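Participant:
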Amino acid sequence: MPGESDLILEMKSISKEFPGVKALDGVSLRVRRGEIHAICGENGAGKSTLMKVLSGVHPHGTYGGDIFYDGQLATFANIRSSEHAGIVIIHQELALIPELSITENIFLGNEVRGAFGIDWVRARQRARDLMARVGLQDDPDTQIKSIGVGKQQLVEIAKAISKDVKLLILDEPTAALNETDSAHLLDLIREFKGHGITCIMISHKLNEIAAIADSITIIRDGRSVETIEVPEGERVDEDRIIRGMVGRELTSRYPDHTPHIGEVLFEVRDWTVRHPEVTDRLVCKNSTFTIRRGEIVGFAGLMGAGRTELARSLFGRSYGTYVKGQIFLDGKEIAPKNVEQAIELHMAYVTEDRKVLGLNLLDDIRTTVVSAELQQISPNGVVDRNAEFTAAEKYRRELRIKTPTVNEGVIKLSGGNQQKVVVAKWLFTEPDLLILDEPTRGIDVGAKYEMYGIMNALADQGKAIMMISSELPELLGTCDRIYTVSQGAITGCLDVAEATQENLMRLMTLIPNTSKNAA
Amino acid sequence: MGALKDLFGGSLRQFGMLFVLVGLAIFFNLMTGGLVITPTNMMNLLNGNSYVLVLAIGMVMVIVIGHIDLSVGSVAAFVGIVVAIAMRDWGIPWWAGILLGLAIGAVCGAIQGFWVAYMGIPGFIVTLAGYMFFRGANQFVGKSLTVPVPKDFQFLGNGYLPEWGPNTGLNNSTLLLGLITIAVLVWLQLRSRRALVKINAEVPPFWVTMTRIVLMVIVVGWLTYMFGSGRPGTSFPVPGLVLVVLVIIYSFITQRTVTGRHIYAVGGNRLAAELSGVNTRKIYFLVMLNMSVLSAFAGIMFVGRSTASGPFDGVGWELDAIAAVFIGGAAVSGGVGTVIGSIIGGLVMAVLNNGLQLMSAGSDVTQMIKGAVLLAAVALDVWQKRQGQASITGLFSRGNKVAETTPTETAILEEEAVTNPGDLR
Numbered sequence: 001m002p003g004e005s006d007l008i009l010e011m012k013s014i015s016k017e018f019p020g021v022k023a024l025d026g027v028s029l030r031v032r033r034g035e036i037h038a039i040c041g042e043n044g045a046g047k048s049t050l051m052k053v054l055s056g057v058h059p060h061g062t063y064g065g066d067i068f069y070d071g072q073l074a075t076f077a078n079i080r081s082s083e084h085a086g087i088v089i090i091h092q093e094l095a096l097i098p099e100l101s102i103t104e105n106i107f108l109g110n111e112v113r114g115a116f117g118i119d120w121v122r123a124r125q126r127a128r129d130l131m132a133r134v135g136l137q138d139d140p141d142t143q144i145k146s147i148g149v150g151k152q153q154l155v156e157i158a159k160a161i162s163k164d165v166k167l168l169i170l171d172e173p174t175a176a177l178n179e180t181d182s183a184h185l186l187d188l189i190r191e192f193k194g195h196g197i198t199c200i201m202i203s204h205k206l207n208e209i210a211a212i213a214d215s216i217t218i219i220r221d222g223r224s225v226e227t228i229e230v231p232e233g234e235r236v237d238e239d240r241i242i243r244g245m246v247g248r249e250l251t252s253r254y255p256d257h258t259p260h261i262g263e264v265l266f267e268v269r270d271w272t273v274r275h276p277e278v279t280d281r282l283v284c285k286n287s288t289f290t291i292r293r294g295e296i297v298g299f300a301g302l303m304g305a306g307r308t309e310l311a312r313s314l315f316g317r318s319y320g321t322y323v324k325g326q327i328f329l330d331g332k333e334i335a336p337k338n339v340e341q342a343i344e345l346h347m348a349y350v351t352e353d354r355k356v357l358g359l360n361l362l363d364d365i366r367t368t369v370v371s372a373e374l375q376q377i378s379p380n381g382v383v384d385r386n387a388e389f390t391a392a393e394k395y396r397r398e399l400r401i402k403t404p405t406v407n408e409g410v411i412k413l414s415g416g417n418q419q420k421v422v423v424a425k426w427l428f429t430e431p432d433l434l435i436l437d438e439p440t441r442g443i444d445v446g447a448k449y450e451m452y453g454i455m456n457a458l459a460d461q462g463k464a465i466m467m468i469s470s471e472l473p474e475l476l477g478t479c480d481r482i483y484t485v486s487q488g489a490i491t492g493c494l495d496v497a498e499a500t501q502e503n504l505m506r507l508m509t510l511i512p513n514t515s516k517n518a519a
Numbered sequence: 520m521g522a523l524k525d526l527f528g529g530s531l532r533q534f535g536m537l538f539v540l541v542g543l544a545i546f547f548n549l550m551t552g553g554l555v556i557t558p559t560n561m562m563n564l565l566n567g568n569s570y571v572l573v574l575a576i577g578m579v580m581v582i583v584i585g586h587i588d589l590s591v592g593s594v595a596a597f598v599g600i601v602v603a604i605a606m607r608d609w610g611i612p613w614w615a616g617i618l619l620g621l622a623i624g625a626v627c628g629a630i631q632g633f634w635v636a637y638m639g640i641p642g643f644i645v646t647l648a649g650y651m652f653f654r655g656a657n658q659f660v661g662k663s664l665t666v667p668v669p670k671d672f673q674f675l676g677n678g679y680l681p682e683w684g685p686n687t688g689l690n691n692s693t694l695l696l697g698l699i700t701i702a703v704l705v706w707l708q709l710r711s712r713r714a715l716v717k718i719n720a721e722v723p724p725f726w727v728t729m730t731r732i733v734l735m736v737i738v739v740g741w742l743t744y745m746f747g748s749g750r751p752g753t754s755f756p757v758p759g760l761v762l763v764v765l766v767i768i769y770s771f772i773t774q775r776t777v778t779g780r781h782i783y784a785v786g787g788n789r790l791a792a793e794l795s796g797v798n799t800r801k802i803y804f805l806v807m808l809n810m811s812v813l814s815a816f817a818g819i820m821f822v823g824r825s826t827a828s829g830p831f832d833g834v835g836w837e838l839d840a841i842a843a844v845f846i847g848g849a850a851v852s853g854g855v856g857t858v859i860g861s862i863i864g865g866l867v868m869a870v871l872n873n874g875l876q877l878m879s880a881g882s883d884v885t886q887m888i889k890g891a892v893l894l895a896a897v898a899l900d901v902w903q904k905r906q907g908q909a910s911i912t913g914l915f916s917r918g919n920k921v922a923e924t925t926p927t928e929t930a931i932l933e934e935e936a937v938t939n940p941g942d943l944r
């Protein structure tokens, strides 16, 4: 019987630093042989970094602390060496090649060799065995792209067990799955436990964790907070997990602000949007909300809840396929069908992904600032370089962008200053509605404080601000009202005075009771 | 080095290639005993390469948006044969021939642009198809024969500016052109200086402006002398003049207009451009269309120079144009590249060709050397980026301050990791 002392894995005070950020600060994790161990924490708490350390993505020597695996000090140099030791990680984003068959994917990088190249007959046979173990009945020659996400997840697992796995790490395994597929996957994990495979599971879905986990380690701000042992046959209290995940005091990291709230400026009714590729999946389900002048309205939700999808579909339908719904600006119905029209209607969207969606990293500051509203400084289509410089200078001073000159390339700026440049680009379009998607992601505390100040100043100018953030304290510290989003639907709206991290988290993890025929 | 940087502004990389160009010309001049830098040879150089340089102007825009156009030689040949036949059989005047050619180019471009922009097919594929199709169309229309063009039409590919007025010892058209150029350049320098003062921007020291002006006067003056002092009846050649006009127009479009900005925006980061309200499809369409119009132009110039249109006109031009653009500093990944840079890149290739020919090297050796130069130029660029240096001139100033201000690749990667510390991808 696995006793308290029979640990398959012990991570002792693991620290990992990136320049300027301490991602992990003395995390300890003890996993018993043959158990299902869940890791919980807010977005950005350090869960995934911890798993990267364990699986050798961050090799031995780049982190502090020790890892003991199977009683020995582990010094993995890369993923291959950790896999060799029997640790296999399945990422949230599946790493399968859609054009190849199930067999080919299972043995990719680990091909079944015969006398002449790959022995396909034996490979197919072994694939069939592995597939049977995970409950897949498809033809092993089926292409990955022609099976659903749920089955793809199973193929990943089959691939993992083909490698003689002892410790299986699953990062948000059910995030993209529907109820049935999720239930099947959880059953499978339980079955593996019966075969002696240890599982570490990262998940945001607390009901699943409560249903399956033998012990739960909670990580917050790069530190391990506590490990909860679940006695045999009992369920852990979900509230206890939530308290552990958010349990931190609000300090004065937010500037004081007295809001001056006017009438409703922006109203959305019944907004429903389909996923751009998976046509039977709704990413926004009948969302209805309002934002008033001078108001900062927060949108809380876990990763993948559909907040960005909501924002981008409103912003000139730049995401997904419009199904139904109306937008009102100042009481008048508007229907921006592309980004150009949305900008003309004085909407602005500051993306969560600065480098991929927000900036042309080849550009300099002055050209970036004017890039969303070039017409304004271009009589007859010719850019007035002097007007451009004057505009860029204005925002450099107002937003205090730290740079020697506005001719500097944006790639040379720090994250916080890059973010200010993106904000400047959108302020230059003179928006009435400003959508900020994770405006403080990846920037340091000082820059965050400045960003909050900028938001307050904009709200005081009578603009309506829609702020998406995954950091609950930030929402509580800056917003006047907070909507919660879960699985594409708005599940609640709380005034900031009555909102707490606990009741927000409760609403964010609520399963919305929308019927499938919403479309 | 700092002084050099002040002098030439931020775009040291282009000036690096310019140094290479000048160096090559001097080198070959010495090796051939003075055969390269002569009025006649310089005219030949311009006449014989202007059509590829015209293609390079369009190609740099195509490469900036992240595509490639393989069809330019075939489109040029197709346009050439249609125009030649139209003039011979229907008797239309030379100017109508040119308009007809450009219109046909526009149609070819619109077709290819449609598939690239609105059907989402990569430019490589669409223009590979165009490459085959229009080559075939040339031979189909012309029955694989060579069709001569009238004398007037040859002016554009082979002509010289007229001689007039008092005997100055130089060709007076060339002299006038040179003087106008100097006046305009000086005026532009002073104007940009005044504008900087007006908006309180950082103004470069006065000696920089002065030195620039003096340098420009010397260079333009020398060119005027060289092209003006050829044998009687010659001048700065018409194809060269056409090229200069096109370079000015397209530099202006790419650097100073909204459309130009959008081209670079789409090439630098298509997704960000889309989220900034740029109509990326329209840009793709326009750039592909424009490329074919310029191909038509190049075809017309070539037909004029060779006095006839034939079934093998334009073979391999696409590769010459692409090479010129990459030697001129464009990036394969898009978003980077300038018209001027590509022209310099094209001239480097032209001088290499010409110099080696004059040294009586065979086309075998010439090809090998050209290949090596292309690879070296791009490799140098990649290497510089890795070093975080600014230019070829950085070679001579290794370890100076340029390296400190540019983040190294690892630093960028690490920062990216910080941006999403919670994501495991």
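Residue numbers (this note's numbering), protein chains in the order written: chain A, 1 to 519; chain B, 520 to 944.
Ideal Cβ positions, reconstructed from N, Cα and C, are used throughout, including at glycine.
Quick caveat: nothing in here was measured; it's all calculated off a predicted structure.
#1: Does the beta-carbon of Glu4(A) have 16 or more other beta-carbons within 10 angstroms, so that it is buried, or is it exposed?
#2: In chain A, which residues lie less than 8 angstroms from Arg775(B) when you measure between Cβ atoms?
#3: Is there at least one Cβ from chain B nearer than 8 angstroms to Ala372(A)'s Cβ?
#4: Is the distance from the Cβ of Gly747(B) to the Cβ of Asn690(B) below 8 angstroms?
#5: Could you check if Ala74(A) belongs to the surroundings of the ligand GDP, using beta carbon to heavy atom distance under 7 angstroms?
#6: When the Cα atoms are used, what is the spatial distance from Val721(B) to Tyr744(B)?
#7: Nearest-angstrom Cα distance between Ala74(A) and Ser224(A)?
#8: Going by DSSP in three states, Tyr319(A) sits in which element: helix, strand or coil?
#9: Going by C-alpha distance, which of Gly860(B), Tyr637(B) and Pro685(B) is nearest Thr773(B)?
#10: Using the Cα positions of Ile767(B) and Asn360(A), report the straight-line distance between them to the nearest angstrom.
#11: Give a yes or no on contact between the segment 277 to 293 of chain A and the segment 484 to 499 of chain A, applying the rule of three or more CB pairs nearer than 8 angstroms.
#12: Between Leu572(B) and the rest of its own chain, which residues show a CB-CB distance below 6 angstroms, the 5 nearest in sequence each way excluded?
#13: What are the residues of the segment 313 to 326 of chain A that lie near chain B, defined by any Cβ-Cβ distance shorter than 9 angstroms?
#14: Quick test of your reading: Gly835(B) and Phe821(B), contact by CB under 8 angstroms. State the CB separation rounded to the nearest angstrom.
#15: List in chain order: all unbroken beta strand (DSSP E) runs of 3+ residues lying wholly within the segment 78 to 153 of chain A.
#16: Specify, as a first and last residue, the run of the alpha helix (DSSP H) that Trp614(B) falls within.
#17: With a 10 Å radius around its C-beta and 16 neighbouring C-beta atoms as the bar for buried, classify Asp363(A) as buried or exposed.
#18: Cβ of Phe389(A) less than 8 angstroms from any chain B Cβ?
#19: Just by C-beta distance, which residues in the segment 245 to 278 of chain A are closer than 9 angstroms to chain B?
#20: Check whether the Cβ atoms of Ile118(A) and Asn105(A) lie closer than 8 angstroms to each other.
#21: Between which two residues does the beta strand (DSSP E) carrying Asn286(A) extend?
#22: Could you round the C-beta distance between Arg354(A) and Ala392(A) to whole angstroms and report it? I think they count as a contact, below 8 angstroms.
#23: Below 9 angstroms on C-beta distance, what does Asn78(A) contact in chain B?
#24: Counting only runs that start and end within the segment 433 to 479 of chain A, where is the beta strand (DSSP E) found for 3 or more residues in a row?
#25: Below 7 angstroms on C-beta distance, what does Gly358(A) contact in chain B?
#26: Can you give me the Cβ contacts of Thr924(B) inside the same chain, cut-off strictly under 7 angstroms, excluding the 5 residues immediately before and after it?
#27: Using a beta-carbon distance cut-off of less than 7 angstroms, what residues from the segment 752 to 775 of chain B approach chain A?
#28: Between Tyr449(A) and the rest of its own chain, which residues show a CB-CB distance below 7 angstroms, the 5 nearest in sequence each way excluded?
#29: Beta-carbon of Ser81(A) versus every beta-carbon of chain B: anything under 8 angstroms?
#30: Specify the secondary structure class of Thr258(A) as computed by DSSP and reduced to three states.
#31: Compare the C-beta of Gly787(B) against all C-beta atoms of chain A and say whether one is closer than 8 angstroms.
#32: Along the chain, where does the beta strand (DSSP E) containing Asp270(A) start, and where does it finish?
#33: Measure the CB-CB distance between Ala596(B) and Phe672(B) and report whether it falls below 8 angstroms.
#34: Can you find a CB in chain B that lies within less than 8 angstroms of the CB of Leu170(A)?
#35: Can you list the residues of chain D that Ser224(A) reaches, using a CB-CB cut of under 8 angstroms?
#36: Counting only Cβ-Cβ distances shorter than 7 angstroms, please list the residues of the segment 849 to 861 of chain B near chain A, keeping chain order.
Facilitator: The answer reads as follows:
#1: As a first step, residue 4(A) must be located in the first sequence, where it is residue number 4. Any reading at Glu4(A) must be qualified, since the residue scores a pLDDT of 49, below 50, and its modelled position is unreliable; no value is offered.
#2: Here the question's residue 775(B) lines up with position 256 in the second sequence. Ordered by position in chain A, the residues that pass the 8 angstroms Cβ test against Arg775(B) are Val382, Val383 and Arg385.
#3: Within the first sequence, residue 372(A) is the residue found at index 372, counting from 1. So yes, Ala372(A) belongs to the interface.
#4: Position 228 of the second sequence holds residue 747(B). Position 171 of the second sequence holds residue 690(B). Yes.
#5: With respect to small molecules bound, the structure shown includes none, and the ligand GDP cannot be examined in it.
#6: For the purposes of this step, residue 721(B) is taken as the residue at position 202 of the second sequence. For the purposes of this step, residue 744(B) is taken as the residue at position 225 of the second sequence. Looking at the sequence itself, residue 721(B) is Glu, so the reference to Val does not match. Using only the alpha carbons, I get a separation of about 36 angstroms.
#7: Position 74 of the first sequence, counted from the start, is the residue given in the question as residue 74(A). Position 224 of the first sequence, counted from the start, is the residue given in the question as residue 224(A). Rounded to whole angstroms, Ala74(A) to Ser224(A) spans 20 angstroms at the Cα level.
#8: Working through the first sequence from its first residue, we reach residue 319(A) at position 319. Of the three classes helix, strand and coil, the one that applies to Tyr319(A) here is coil, per DSSP.
#9: Within the second sequence, residue 773(B) is the residue found at index 254, counting from 1. It is Gly860(B).
#10: For the purposes of this step, residue 767(B) is identified with residue 248 of the second sequence, where counting begins at 1. For the purposes of this step, residue 360(A) is identified with residue 360 of the first sequence, where counting begins at 1. Cα to Cα, Ile767(B) sits roughly 26 angstroms from Asn360(A).
#11: yes
#12: Translated into the one-based positions of the second sequence, residue 572(B) becomes position 53. Counting only Cβ-Cβ distances below 6 angstroms, and skipping sequence neighbours, we find Leu762, Ile862 and Gly865.
#13: Phe315, Gly316 and Ser318
#14: For the purposes of this step, residue 835(B) is taken as the residue at position 316 of the second sequence. For the purposes of this step, residue 821(B) is taken as the residue at position 302 of the second sequence. The pair is not a contact, with the Cβ atoms about 12 angstroms apart (cut-off 8 angstroms).
#15: 87 to 90
#16: Sequence index remark: in the second sequence, residue 614(B) carries index 95 (1-based). Counting along the chain, the alpha helix (DSSP H) containing Trp614(B) begins and ends at Trp613 to Ala636.
#17: Within the first sequence, the letter at position 363 stands for residue 363(A). When all chains shown are included, Asp363(A) counts as buried.
#18: In the first sequence, the residue the question calls residue 389(A) occupies position 389. It does: the Cβ of Phe389(A) has a partner Cβ on chain B nearer than 8 angstroms.
#19: none
#20: In the first sequence, counting from the first residue as 1, residue 118(A) sits at position 118. In the first sequence, counting from the first residue as 1, residue 105(A) sits at position 105. Against a cut-off of 8 angstroms, the Cβ pair of Asn105(A) and Ile118(A) comes out as no contact.
#21: Counted from its first residue, the first sequence places residue 286(A) at position 286. Where Asn286(A) is concerned, the enclosing beta strand (DSSP E) stretches over Leu282 to Arg292.
#22: By 1-based counting over the first sequence, the position of residue 354(A) is 354. By 1-based counting over the first sequence, the position of residue 392(A) is 392. That belief does not hold up - the Cβ atoms of Arg354(A) and Ala392(A) are roughly 18 angstroms apart, past 8 angstroms.
#23: Sequence index remark: in the first sequence, residue 78(A) carries index 78 (1-based). Per Cβ cutoff of 9 angstroms: no residues; Asn78(A) is ~15 angstroms from chain B at best.
#24: 433 to 437 and 464 to 468
#25: Within the first sequence, the letter at position 358 stands for residue 358(A). Neighbours of Gly358(A) on chain B, chain order: Ala791.
#26: Looking up residue 924(B) in the second sequence gives position 405. Here Thr924(B) scores only 32 on pLDDT, less than 50, and its place in the model is too uncertain to base an answer on.
#27: Arg775
#28: Numbered from 1 along the first sequence, position 449 holds the residue referred to as residue 449(A). Here the set comprises Arg253 and Pro255.
#29: Taking the first sequence and counting its residues from 1, the one referred to as residue 81(A) is at position 81. No, Ser81(A) does not count as interfacial toward chain B.
#30: As a working note, residue 258(A) is residue 258 in the first sequence. Three-state DSSP puts Thr258(A) in coil, outside helix and strand.
#31: Working through the second sequence from its first residue, we reach residue 787(B) at position 268. Taking Cβ atoms only, chain A reaches closer than 8 angstroms to Gly787(B), which makes this a yes.
#32: As a first step, residue 270(A) is located in the first sequence; it is residue number 270 there, counting from the start. That run of the beta strand (DSSP E) goes Val264 to Arg274.
#33: By one-based count along the second sequence, residue 596(B) stands at place 77. By one-based count along the second sequence, residue 672(B) stands at place 153. Result no, Cβ atoms of Ala596(B) and Phe672(B) do not sit closer than 8 angstroms.
#34: For the purposes of this step, residue 170(A) is identified with residue 170 of the first sequence, where counting begins at 1. For Leu170(A), the answer is no, since every Cβ of chain B falls outside 8 angstroms of its Cβ.
#35: Looking for chain D here will not work: the only protein chains present are A and B.
#36: Gly854 and Val855
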